[in-house]
Amino acid sequence: MSNFTLEIFDGESLKCSFYTVRYLDSESSETEQFILKFREDERLKPFLMELMYLIIKEIGGKYGARDIFFRPERQAQALPPKPGLREITIIPNFPLRLYCLKLSESCVVLFNGGEKTSATSQEGKTSMAFYEANHLANKILKAFQDKTIKLSANQKSILDYYESEDISDIIL
Amino acid sequence: MRNKLLQQLLDETPKETKIFVEKYADLIVRINDLMKQQGLSQKDLAEKMDQKPSAISRWLSGQYNITLRSIAKLEAELGETLIEIPKAASLTTRIETTVSISPVKMVKPALRNVSKSKPKMISFPMDKGNVYQQELFSNIQNTQAQIA
Chain X
184 MSNFTLEIFD GESLKCSFYT VRYLDSESSE TEQFILKFRE DERLKPFLME LMYLIIKEIG
244 GKYGARDIFF RPERQAQALP PKPGLREITI IPNFPLRLYC LKLSESCVVL FNGGEKTSAT
304 SQEGKTSMAF YEANHLANKI LKAFQDKTIK LSANQKSILD YYESEDISDI IL
Chain V
250 MRNKLLQQLL DETPKETKIF VEKYADLIVR INDLMKQQGL SQKDLAEKMD QKPSAISRWL
310 SGQYNITLRS IAKLEAELGE TLIEIPKAAS LTTRIETTVS ISPVKMVKPA LRNVSKSKPK
370 MISFPMDKGN VYQQELFSNI QNTQAQIA
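Below, the structure is given as structure tokens:
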């Protein structure tokens, strides 16, 4: 898999900022690809709108990234939950899965996702997005361990080693 | 800074969708906060409600719709209101407004007519008291002075 950079997806919300990932050889970020995938789909577009409204207005603007909005995936099953891949949830009977990495209640990295066609993320149409998101999440967590990147004091922004908010040139 | 594609999607989102998501998120957060306050786990709440813990988990994780009946059960067990419906506004709602009356504009044309015709008796509503009448007379006198 190619290298990628982190970029701000929404930095305007009061309670939580959202980042996404862009592969160096790709014109659109992972979350843009998720939107583009379902924006023209009449059946799934209303769900896409529900999900994005939940993320930006409710999580971002009102409540922050509380655990109630996230379902843990894979390694995050342990208690207390370790940072790891999660899926944004709570809207009833929801047919889409969007993967993310919750870094704090005020900072979340959004990845790509897919249509839920099986009981688990590892199978069906979400399988590829799931494995890719897992890989990205692990690389980002490793960059935190290496101190290549860190969270700001208010835990809302990702900073580089020198505490600059401009992380566009950090290749992970 | 917000992603342009995201902003476009938010701008296109129908009001109905926004209301649904807001209410659902508020409801789930409220249930969760009350459970925390009362030190209840999903298992405890399920036992109190004679439900399987998986049913509570499914409500809170969005796998099932929460029905009005389940909201009633939750309100009964948690002892708190989850949804409040505002009372309809009374049909006899009092409407209050302020009308500003300019004596010059109202009395000036009337005085012009008075000067052309025989004197007429002008009456004022008594329920407003003498002060109101005195003010009005004083305004009429001022207007007369302006006309003169």
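First to last, the protein sequences are chains X and V.
Under my numbering, think of the first position of the first sequence as 184, with each following residue one higher.
Under my numbering, think of the first position of the second sequence as 250, with each following residue one higher.
For every residue, glycine included, the Cβ atom is placed at its ideal position computed from N, Cα and C.
Burial state of residue i, where buried means 16 or more other Cβ atoms lie within 10 Å
{"i": "residue 344 of chain X", "result": "exposed"}
{"i": "residue 330 of chain V", "result": "exposed"}
{"i": "residue 394 of chain V", "result": "exposed"}
{"i": "residue 193 of chain X", "result": "buried"}
{"i": "residue 232 of chain X", "result": "buried"}
{"i": "residue 384 of chain V", "result": "exposed"}
{"i": "residue 316 of chain V", "result": "exposed"}
{"i": "residue 269 of chain X", "result": "buried"}
{"i": "residue 256 of chain X", "result": "buried"}
{"i": "residue 305 of chain X", "result": "exposed"}
Element boundaries [beta strand (DSSP E), containing residue i]
{"i": "residue 193 of chain X", "result": "187–193"}
{"i": "residue 287 of chain X", "result": "279–287"}
{"i": "residue 343 of chain X", "result": "341–343"}
{"i": "residue 226 of chain X", "result": "First-last for residue 226 of chain X: undefined, no H or E at that position."}
{"i": "residue 270 of chain X", "result": "268–271"}
{"i": "residue 332 of chain X", "result": "332–334"}
Limits of the alpha helix (DSSP H) - the one that residue i falls within
{"i": "residue 319 of chain X", "result": "310–328"}
{"i": "residue 198 of chain X", "result": "Taken as a continuous stretch (DSSP letters only), residue 198 of chain X belongs to no alpha helix (DSSP H), as it is neither H nor E."}
{"i": "residue 254 of chain V", "result": "253–261"}
{"i": "residue 254 of chain X", "result": "It is not in any alpha helix (DSSP H) - residue 254 of chain X instead sits in the beta strand (DSSP E) that spans 253–255."}
{"i": "residue 327 of chain V", "result": "317–327"}
{"i": "residue 276 of chain V", "result": "264–286"}
Contact set between residue i and chain X, taken where Cβ atoms lie within less than 9 Å
{"i": "residue 252 of chain V", "result": "190, 191, 192, 193, 201, 203, 212, 214, 215, 218"}
{"i": "residue 324 of chain V", "result": "Correct list: empty, because the minimum Cβ distance to chain X is about 19 Å."}
{"i": "residue 259 of chain V", "result": "232, 235, 236, 239, 240"}
{"i": "residue 327 of chain V", "result": "Those within 9 Å of residue 327 of chain V in chain X number zero; the least Cβ separation is about 15 Å."}
Cβ-heavy atom distance, residue i to the ligand MG, below 8 Å
{"i": "residue 284 of chain V", "result": "As far as ligands go, the structure on display features none, and thus does not contain the ligand MG."}
Three-state secondary structure (DSSP) of residue i
{"i": "residue 240 of chain X", "result": "helix"}
{"i": "residue 299 of chain V", "result": "coil"}
{"i": "residue 299 of chain X", "result": "coil"}
{"i": "residue 293 of chain X", "result": "strand"}
{"i": "residue 203 of chain X", "result": "strand"}
{"i": "residue 307 of chain V", "result": "helix"}
{"i": "residue 294 of chain V", "result": "helix"}
{"i": "residue 261 of chain X", "result": "Below a pLDDT of 50, predicted positions are generally treated as unreliable, and residue 261 of chain X, at 35, falls in that range; no measurement from the model is reported."}
{"i": "residue 213 of chain X", "result": "helix"}
{"i": "residue 384 of chain V", "result": "helix"}
{"i": "residue 334 of chain V", "result": "coil"}
{"i": "residue 354 of chain X", "result": "coil"}
{"i": "residue 306 of chain X", "result": "coil"}
{"i": "residue 348 of chain X", "result": "coil"}
{"i": "residue 231 of chain X", "result": "helix"}
{"i": "residue 219 of chain X", "result": "helix"}
{"i": "residue 246 of chain X", "result": "helix"}
{"i": "residue 391 of chain V", "result": "helix"}
Neighbour list for residue i in chain V, Cβ cutoff strictly below 8 Å
{"i": "residue 269 of chain X", "result": "Simply none; closest approach about 12 Å."}
{"i": "residue 226 of chain X", "result": "Per Cβ cutoff of 8 Å: no residues; residue 226 of chain X is ~15 Å from chain V at best."}
{"i": "residue 246 of chain X", "result": "274, 278"}
{"i": "residue 251 of chain X", "result": "277, 278, 281, 309"}
{"i": "residue 280 of chain X", "result": "Simply none; closest approach about 12 Å."}
Closer than 7 Å at the beta carbon, the chain X residues around residue i
{"i": "residue 310 of chain V", "result": "254, 272, 273"}
{"i": "residue 321 of chain V", "result": "Going along chain X, no residue has its Cβ under 7 Å from residue 321 of chain V, so there is no contact; the nearest lies around 18 Å."}
{"i": "residue 262 of chain V", "result": "232, 236"}
Per-residue contacts from residue i into chain X (C-beta, under 8 Å)
{"i": "residue 267 of chain V", "result": "236, 240"}
{"i": "residue 331 of chain V", "result": "Those within 8 Å of residue 331 of chain V in chain X number zero; the least Cβ separation is about 15 Å."}
Chain V residues whose Cβ lies nearer than 7 Å to that of residue i
{"i": "residue 229 of chain X", "result": "266"}
9 Å Cβ cut-off: residues of chain V touching residue i
{"i": "residue 277 of chain X", "result": "311, 312"}
For the 8 Å Cβ check, are there 3 or more pairs between the region 195–204 of chain X and the region 263–282 of chain X? no
Touching by the beta-carbon criterion (3+ pairs, under 8 Å), the region 231–243 of chain X and the region 304–321 of chain X: Between the region 231–243 of chain X and the region 304–321 of chain X, the count of Cβ pairs shorter than 8 Å is below three; the stretches do not touch.
Per the contact definition of three or more C-beta pairs closer than 8 Å, is the region 267–287 of chain V in contact with the region 267–276 of chain X? yes
For the region 284–296 of chain X against the region 317–336 of chain X, do three or more pairs of beta-carbon atoms, one drawn from each stretch, fall closer than 8 Å, so that the two count as touching? yes
Within the chosen definition, does the region 209–218 of chain X reach the region 262–269 of chain V through at least 3 CB pairs nearer than 8 Å? Because the criterion of three Cβ pairs below 8 Å is not met, the region 209–218 of chain X and the region 262–269 of chain V do not touch.
Decide if the region 286–305 of chain V is in contact with the region 317–336 of chain V; the criterion is three or more beta carbon pairs, one per stretch, under 8 Å apart. yes
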